[in-house]
Every structure is written in structure tokens, then in C-alpha cells.
């Protein structure tokens, strides 16, 4: 398949994206409308993402657990805003074991309600707090328009659910997890993000406040890469999550939830990819290094494969693939470029003689990213080069975002700005002033200070918001 | 809760089991009939089990992927035996997004059918083989009688699915994975198991041959801890999984599947536990070592906690919990005994003076398992002691199985034998001779050689089988 050129990004970004997902072997369409199969290459990427996040969750005191897939339909209705948001999107199990169920079960769209039920049972006293639990699972939301990784009926994610004694603790947790996501995005995925607060109309159904990290894709649209919700006492009151405080008085808990999903794989594709295909950030790539042996005949094969083996032994700190398929080197180069492996090593008969390897960086195609280096000491050079690729991917994405983020002076300019990128503009906070073709993405935590005039109505505004078209 | 004594195993094994699961904080009942919540302590145990198995899967060339939860109902019907086995157990989604679905979707009870559909699409040529994929997920089977971990409507497991060019390769894979499970059971869970072939009536719905590992629980009943199926060409023919061989001729693939679930947590509880609660095998325990500081007042607290901190620093190779709760040492001892932590270290003022710690083994309650050892060099001693606990748990379970496995001479003796343990008896292989109160568990791969007479009908028998009551 790799021989066929991809549709160029500039020509049709959406089509380029679909082709990359399928041809890089990340995922496939499932036989059920709107569902996906994540293939081993895509799932290994997700496993690396999971490991990097899970480490951070555990370092901040969270443990994983598993909650049921099925939620009694009546649970969803207990929190008024929650049911309003999720009822239209539910998949409903009506039959089990050949019989009609007394109460239909919904396939979880998210677990706040069943978590609320359990926490109400488990939490008795202030000594039981905080409860810090995370779930890795899949959830189902009946979407109409779907796209691989970005929006599917079933998607894989983690959902953290915590309960606290005070508002301040819940708020600190909400911000802590937002920062964990931002740290992951920057330091693992090489994706620059803006942490901020969602507007009232964009917040999670049932939250007091929702925070998000927002990233700019290669077509300048925004993608919400993760969210962290301060749920206030909304779910605590709907599900009677209470604790006895030190004065032996019953108090409602304060709860949070926060989630990060496989759609971030879509973000990684759209932030870093180019017309040759995927470019994977080195810390998450299933293979960080691919070695392509080059030989014309049996006489060359022996010494080349010996050198490959010696080189591979120097690279035990990395995820390395030796491509021994019966294909031409050119085919293999294209294939691994399409699949986004950050670093390619080529070893041929001349390299055997000279004790060298050819090293090709995926982020700098062609001669610009190619060098010939000694086999000796290769481990250190590979570590440095991967770190440099990470940094250069991040810098490029940040420069792109900065170049495409505008500060329009008038509403006319604003309307043009959101056609071609992001607008970072003063906003009065009013719902009417949010109704542009673009949506408010978030109100960044980092603000310029001072006040201004709402870009839409001209009324005084205390904060600037990001406005953009979004996935 | 820990103050209450558990029901003794000898009095009511089933009640003891339920109490251990709940009070050791492994799991809880979900608000949906027959479903469970796996709490952080239980899930961390499962994560350790997953990691130990996943390592073995990857070392044998498998990669993980994710397949959809939903399977079109028509898929299940494509393999005749498969639909016969699974149709009565299905959960069915009839509505999505507020509308009646054209074709109902079943929640996967296992993924052979949707895997078959995908493999038929992905596999073109012998170059694409073997396909070696594993899935970690949960599945749903509508069970009538349920018990935490052992049989729930939803359970968590892994399901491996492979496709091969020849029968011999598929058979080698089937046996390889059976051996992986046995190796895990013995070397990670300290559970002795018997690998063998299931009888025709006990095999997986759609398999040519099913293999299992069987373990004896503390009440002498058997538990099937994992299965590995050679599916022959059954699913390949139902789903048209074909490849072009080297002669450019279309051939059907040979497929396998193999699974291991959270019910093995139940096995670990029932094999090792005692009247004080859980005893966790050291290599899988969420905490391998718990440190209980002992002090009466502030003056003692400082030096004790300093010693605890020094000791903990020596134990960075292990999963260590320092219990700093405001509870009495006695409460903590009982609590961690109930929760099965293999090794407890106690550090009090006298230990500070003498540079010692008290070390208590969970597998040997009371004075027998207690010793006073120097703080210096503790890392080595802990490693050795944990290894010894693993070995002694395994030996104890093996001796128990041997003591309760009988070789009855007559059918009368046989009937008595399966009331009090296992019978290992010659069996002609006939279905009628299988209909005892107990079932054939498997026909062990390891046979005594020679032939005998069927324990039931007296006809010639080539193999001996294990007969037992089972979970």
C-alpha cells in the first residue's frame, strides 16, 4: 500500500488524515457503524500513552479500579444536567439471557453516576477521604457523525473520580489533574497546549467548572485534548455522598472527574504529521528506531546482518525494530516514514567496511535530516537525537500555533481570524457573544492582565478567550 | 470491620470466601444484578497479574489491540456450535441514540466472530501470517447464578486470537499458550495446576480441541484457571479467513484463541487463604511488605518513624506500604493479615535501640513465622523471605492437592472420591461415562502410560481423566 502517495494535507486535510490512520495501520473501521478497531500499531502507541499517564496518576496518589459497563437507566436521570447532556447519546440494553429486562441498562457513556452510587456506600467519615480512583475503560456515546479516533461510538479513555472533604481540595485536585494532562502533552506527546476554563455553555453536563487543554491541529482547528471537572456538590447531592466530619456532623462531599481519551492519538497525527504520513513523538512511538539492513546478495547479507545485530545490542534502552522483510530498501523507507518512526538507521556493505551507519530523522525529510555516523557510541547519539526530535517537534508545533493565533481589533477582523486560525480575544462571558461560527475553546489560565472590551458586544471584559473552529 | 472474625473455612467455605472478598476490600457488588466493582486493592492485584502475563505474551511475539464491544447479532450465528453455546447468554442492545436499531447488537461474550470478520479482511497472503493478537477487555455473559470473581455477568480477561498457515502451527500455538498460563500459575501465583485436554462435552463452543489448566481449591473443588483452544478451520470457514499460499492457491487459515480472566483472583483466594483471610502470593501482591510503626507517645514516635524511613529506603525493590493510620498496632496486624500482605515488619522503640525489626510471615501465623532481625542487610533478607513464602505456598497447595486426589479402584469408591476431592481415573472417553455428579475436568497432558479400564463402564481406556466437582 505504501507505494501510493497520500493525498497532500493542503489539498484535503480530512482525507489525508483518514488515509494516514488506515495506511499507517493504526486502526480500521469496525463492522458496526461508527465503531473502530484499534490495530496493534495504534494500540501499542496507546499503551505507551497509558503508561506515561498512569505513572503520573500513581505519583499523585491515585489507584486504578474497574466499574461495570452497565448502569441502571434510572441512575442517569438523578443529576438533572447530566441526563440532559447524555440521554440523547445512550446505547440501551433491553434484553439479557433471552428475556426482556425489568429496567433497561445503559452502556456507560461516563461513570459519574455509578461512581456516585458506590462512593455514597463507601464513604462514611472524614477518615475515608480523599477517595482517589481512576478507571481505564471504554465508553459509548451514540454519535451521528464519526471519524476514526476523533469521534467514535465507542472510545477508550481513562476517567478519574475523586471525592474530597472541602471545595478547596476538590479545586486543587481539578487543577492538579489539568496540569498532569498538560505535562503529558508537552513532555510525552510534544504537543503544545493551552490550559484553561471552559465557558458555561461548553462545560461538562453536571460540572460546576470544566477545565481543558486545547491544542491547534495542522489545519489550524482546535482539539480539546483532555478535560478536568470540578463537580462541586452536584453529584454528591444527587447520590447522597456524605461523610461525618470531625465534629460528627454529616457533610456532602466535593467531587471531581477528569478524562483523557484515544482522540489524543488523532491530535498527535494532526499536529505532527506531514505529506509523507505520521511523525510520532519519540517518547510514545511504538518503535523509536527502525534498522533497515541493505544488501544485494548472500555474500553481503552475512556481514550486514552481523553489523545490524551489533548495533541493535547497543540500543537496548530503546524500542527498536529490525526490518527483515523481503522488500526493497526503498519500500521500507517509505513504509516507516508513513508509519512515523522517529529515527531510521540504514546499514549496508559500505557501512560494514567503514564502521558507520546512515541515520535519518523522520522530522527532517531528505538530506537535511540524514547523517553518517560511527557505529561506536551510537547509544548516546540515538538518545540525544530522539530528545532533539522531541524538542524540534514541539517547537515547530508551537511556532505554528503562534503564527496562526490572531488578536483581531474589530469584530470584522475577528470573523476573518477564526476562518484561518484561532482568535485570542477579550470576551464579556455572555452566551450571545459566544455565538460565532467558531466556539470558545477555553479561557486560558494564563491571562494578559488588565481588562478590555468584548470582541463581539464591546462591553467590558475581564478575560480573554480562545475562539476557534474545533474537532 | 477487621475486628469481626471471619466465618471459618471448615464451617462454610462459600461464606468465608464472600467475606474475604468484601472485607479485604478486593471487590463489591454493583447496583446491577450479577455485576461487580473491582476496588483498587483487587484491581492492583489484577494489574500485577496482567503485567506478568503480558510480558509472557509479548515475549512470544504477540501484540495487543482493541476490538469493539458491540458485535452485530448476525455474526454470532455464523458458526453453528458457537451460536448454540452463546445465544442463551447474550446481552442485547436494541436502542441507540433514542432510536430502535435496524440490527440489534450483542455485547461481546467473546470476540471470535468479530475477529474472524477482521482477519478475513486483513489476511491476504502467507506473508501476512501468523497473526498474533491479544485483547485485554471485559466481556458479558448473562449468568443466572453469580459469585464475586468466579462468575459475574461482566468479567475482565484477556483473549488471544491467532491465525496460522497450518494445523501444526496452530496446534503449537495452542500448547505454547497453555504452557504460558501454567508457567504464570506456578511461578507468579504459586498455584499448582494440571494442564490437559477438555472432553468433547466440556470444550469451547466452536473449538476443535480445548485445553485447560485446572487447580484444586481449598475446599477440594476444581477451578478451570485458563483455557487455550485450537479452533481448527471452523471460524476460518464461517468467516472466510483465507490466504494465498506460495503456490498462489487460496487456503483457509487455522486459528486459535486463549483466555485468562479475573476468576483467577478467586482461585488465588481459595487456594492460599486461611481463617484469618487472604494470603497473597508475593510476586502478585499489591503490597509485598507492610511496615507497622509502634509507639506510645510523641517521644517514641520521632525515632521510630526515622527508623521506619531508613528501613523503607532499603526496600525500594519491593512494593512497600507504611501504615501510618491512627489505629492500634493490633488493629493493623489483623487488617493486613485479612488483606493477605505476605510480610509484615514491626518497628518499635526497642527495635530502634537494638537496630532490629520484627518480621512476621503471613503464611506462618503466630510465633512460628515471626523473627527478629537486624535492620542492616534487610533488603536481601526480604527478597529471600518473599521467595521462600512463594515456595512454601506452592508446596502447601501441591501437597493438599496430592492428599485429596484419589485413585479409586471401583465405581463405588469413585463416587465417594469425588465427594471428598478429585478422582484421577481411567476413562473410555464416552459421554455416558462422564455423567457422574462430578465432571471431567481435563485429560492431563501428562499420562501414566499404558491402558486401563474405564472407571464407569469398565471398557478399555487409553487415558486417565480428572473428575471433580467444579466452580
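Residue numbers (this note's numbering), protein chains in the order written: chain A, 6 to 476; chain B, 6 to 476. Built from N, CA and C at the ideal position, the CB exists for glycine as well. In this text the structure is predicted, and so the values were computed from the model without any measurement.
Asked, Found
"Going along chain A in order, which residues have a C-beta closer than 8 Å to the C-beta of residue 94 of chain B?", "102"
"Within 9 Å of any Cβ in chain B, is that where the Cβ of residue 42 of chain A sits?", "yes"
"Please report whether the beta-carbon of residue 341 of chain A lies at a distance below 9 Å from any beta-carbon of chain B.", "no"
"Could you name each continuous alpha helix (DSSP H) segment of 4 residues or more that falls completely within the stretch 363-451 of chain A, going from the start of the chain to the end?", "383-408, 416-425"
"Excluding the 5 residues preceding and the 5 following residue 483 of chain B in the sequence, name in chain order all residues of the same chain whose CB lies nearer than 7 Å to its CB.", "Coverage of chain B is limited to positions 6 through 476, which leaves residue 483 of chain B absent and any answer about it impossible."
"What number of angstroms, rounded off, separates the C-alpha of residue 361 of chain A from the C-alpha of residue 369 of chain A?", "20 Å"
"Under the three-state reduction of DSSP, which class applies to residue 19 of chain A: helix, strand or coil?", "helix"
"Between which residues of its own chain and residue 357 of chain A is the CB-CB distance below 7 Å, once the five residues before and five after are set aside?", "308, 309, 312"
"What residues in the stretch 58-82 of chain B have a beta carbon less than 7 Å from any beta carbon of chain A?", "68, 69, 70, 71, 72, 73, 74, 75, 77"
"Checking contacts by CB at 9 Å: is residue 123 of chain A closer than that to chain B?", "yes"
"Note down, in chain order, every chain A residue with its Cβ under 9 Å from the Cβ of residue 250 of chain B.", "Under the 9 Å cutoff, chain A gives no residues; its nearest Cβ is about 16 Å from residue 250 of chain B."
"Which partner residues of residue 206 of chain B appear in the DSSP bridge assignment?", "None, per the DSSP bridge assignment."
"So is residue 197 of chain A in contact with chain B if we call contact Cβ pairs under 9 Å?", "no"
"In terms of alpha-carbon separation, which member of B/279, B/286, B/333, B/386 lies closest to residue 322 of chain B?", "B/386"
"Kindly indicate the opening and closing residues of the alpha helix (DSSP H) around residue 33 of chain A.", "Taken as a continuous stretch (DSSP letters only), residue 33 of chain A belongs to no alpha helix (DSSP H), being part of the beta strand (DSSP E) at 32-34."
"On a Cα-Cα basis, can you pick out the residue from B/14, B/58, B/257, B/418 that is closest to residue 187 of chain B?", "B/58"
"From which residue to which residue does the beta strand (DSSP E) around residue 349 of chain B run?", "348-352"
"Going by DSSP in three states, residue 127 of chain B sits in which element: helix, strand or coil?", "helix"
"Just by C-beta distance, which residues in the stretch 25-40 of chain A are closer than 8 Å to chain B?", "33, 35, 36, 37, 40"
"May I ask you to verify whether the stretch 272-291 of chain B touches the stretch 233-251 of chain B, counting CB pairs closer than 8 Å and requiring at least 3?", "no"
"With distances taken Cα to Cα, identify the nearest neighbour of residue 261 of chain B among B/168, B/198, B/183, B/343.", "B/168"
"Quick check on DSSP: helix, strand or coil for residue 7 of chain A?", "For residue 7 of chain A, the predicted model reports a pLDDT of 46, less than 50, meaning its position is unreliable; a value from the coordinates is still stated below. Looking at residue 7 of chain A - three-state DSSP - the assignment turns out to be coil, as it is neither helix nor strand."
"Tell me, which residues are paired with residue 326 of chain A by DSSP?", "A/295"
"Please list, in chain order, all residues of the same chain as residue 121 of chain A whose beta carbon is under 7 Å from its beta carbon, the five residues on each side excluded.", "240, 243, 244, 246"
"DSSP three-state call for residue 72 of chain A: helix, strand or coil?", "coil"
"Can you name the residues that DSSP bridges to residue 341 of chain A?", "BP columns for residue 341 of chain A are empty, so no partner."
"Counting only the same chain and skipping the five closest in sequence on each side, list residues whose C-beta sits under 8 Å from that of residue 192 of chain A.", "288"
"Hey, does residue 142 of chain B have any beta-carbon neighbour from chain A nearer than 9 Å?", "yes"
"Using the Cβ count rule (16 or more neighbours within 10 Å means buried), how would you classify residue 56 of chain A?", "exposed"
"Look up residue 470 of chain B in the DSSP assignment and say whether it is helix, strand or coil.", "strand"
"Step through the CB atoms of chain A and report whether any lies within less than 9 Å of the CB of residue 110 of chain B.", "yes"
"In angstroms, rounded to a whole number, what distance separates the CA positions of residue 128 of chain A and residue 279 of chain B?", "28 Å"
"Find the nearest neighbour of residue 25 of chain B within the set B/12, B/104, B/73, judged by alpha-carbon distance.", "B/12"
"In terms of alpha-carbon separation, which member of B/229, B/226, B/347 lies closest to residue 281 of chain B?", "B/347"
"List, in order along the chain, the chain A residues whose C-beta lies closer than 8 Å to that of residue 49 of chain B?", "68, 69"
"Hey, how far is the Cα of residue 277 of chain B from the Cα of residue 398 of chain B?", "7 Å"
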